[in-house]
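Quick note: the sequence shown uses our numbering, first residue 11, plus one each step. Even glycine gets a Cβ: it sits at the ideal position worked out from N, Cα and C. Predicted model, so just to flag it, every value in this text is computed and none were measured. Step one of this worksheet: look at the structure below.
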Amino acid sequence: MRAYNFSAGPAMLPQAVLERAQNEMLEYQGSGMNVMEMSHRSSVYESILFGARDSLRRLMKIPDSYEVLFLQGGASLQFAMVPLNLMRTGKADYIVSGVFAKKAYEEASRLGDAAIAASSADRSYRYVPQPSPEALRPDASYLHMTTNNTIYGTSARSLLPPTNGLPLVADMSSNILGEVYDVSDFGLIYAGAQKNIGPAGLTIVIVRKDLIQAPVAKNLSPMLQYKVYAENDSMYNTPPTYAIYLAGLVFAHIEKLGGVAAMQKQNEAKAALLYAALDRNPFYTSFAEVNSRSIMNVTFTTPSRELDEKFCGEAAKEGLLNLKGHRATGGIRASIYNAMPSEGVTALIDYMDRFARRNG
Ligand code: PMP
């Protein structure tokens, strides 16, 4: 039986997608082989990759002035590739809203003059900081932000920071396709796949074409250049073929369900139920400040660490898995991405109420 898996990532995938992959395991559409066994240069595979790319373009309404790239290395490699490719003035500004944002900032600091435009470290990253326009350097190459802070369960949702005209670079790993964004507000968007898209390792980059035209450092490996991926349809080398196939299935599935707006509506409804359950029961304390609450990762604590642990242990026995918070925050974290059915959230709430009665 499939459990309700509240993992922050790798996370649940839609059951319909897994079933489709299962049906196509031995043979993909008359090709005589599984997608994993295919040459990436074959026309049948090309149609899988281009199909996935076009589906993502439709889902996010990506303008033609942007490239859609399939890379590997996770979001963490983007912490380096972004400055390697875009930090043309040698300067870049960062909003430090959590551990991953800080890692991105630290990586840029290794490569140039990175500055913190705003930080929420002062309150343990319980909120999303907004920079004052004066904090942004006019000669910075870009402003980097994280749209959803997976560990803390914080997000500014659709509120984007002031940029003073700087290209906005966003780590969208944990809410891409879960909430509607206007791609044209960004210079570059990147996301690891393992939350709302597909298998870990695959990484999506959406980048404004003009930002990757100018030459980069002469000694920069082609595998680290966005331009090389763009010029080779993400097939400069062998791409992660099966991961892209699965991502394409997820994209098609979301299109069938009504697109990103429909996902956002469902996600808002799931999150509202869960936050209401937290707020009505003083046994639980929400980690994120109210106006910075994420609809993807819901973080909270019980009255003690021992009870947090007991909460997760007993939940697992009921098929509610991976509720343990990140080691940076402790406590409990329920990740409720697109593929988490609302029944999973209702089951969690029911469990929370019972657990509080027994232990309160
Ligand atoms: N950024 C965010 C917002 C994340 O949630 C994560 C991982 N969960 C990362 C970056 C790092 O991603 P990866 O492990 O794919 O490198």
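For residue 289, the uninterrupted alpha helix (DSSP H) segment begins and ends at 269-290. DSSP places residue 129 inside the beta strand (DSSP E), whose first and last residues are 123-129. Taking all protein chains shown into account, residue 46 has fewer than 16 neighbouring C-beta atoms within 10 Å of its C-beta and is therefore exposed. Comparing alpha carbon positions, the residue from 331, 151, 149 and 362 closest to residue 310 is 362. At a cut-off of 6 Å, the beta-carbon of residue 61 does not count as near the ligand PMP: no heavy atom of the ligand is closer than that. DSSP places residue 103 inside the beta strand (DSSP E), whose first and last residues are 101-106. In the structure shown, residue 154 adopts extended strand secondary structure according to DSSP, grouped into three states. For residue 71, the three-state secondary structure derived from DSSP is coil.
In this structure, residue 173 has its CB at a distance of at least 6 Å from all heavy atoms of the ligand PMP. A heavy atom of the ligand PMP is found nearer than 6 Å to the CB of residue 202.
Look at residue 349 here: in three-state DSSP terms it is coil, with no helix or strand label. DSSP places residue 216 within a strand segment (E or B) once states are collapsed to three. Not one heavy atom of the ligand PMP is found less than 6 Å from the C-beta of residue 124. Residue range 236-241 is occupied by the alpha helix (DSSP H) that includes residue 238. Put simply, the stretch 211-226 does not touch the stretch 290-299. Fewer than three CB pairs are less than 8 Å apart.
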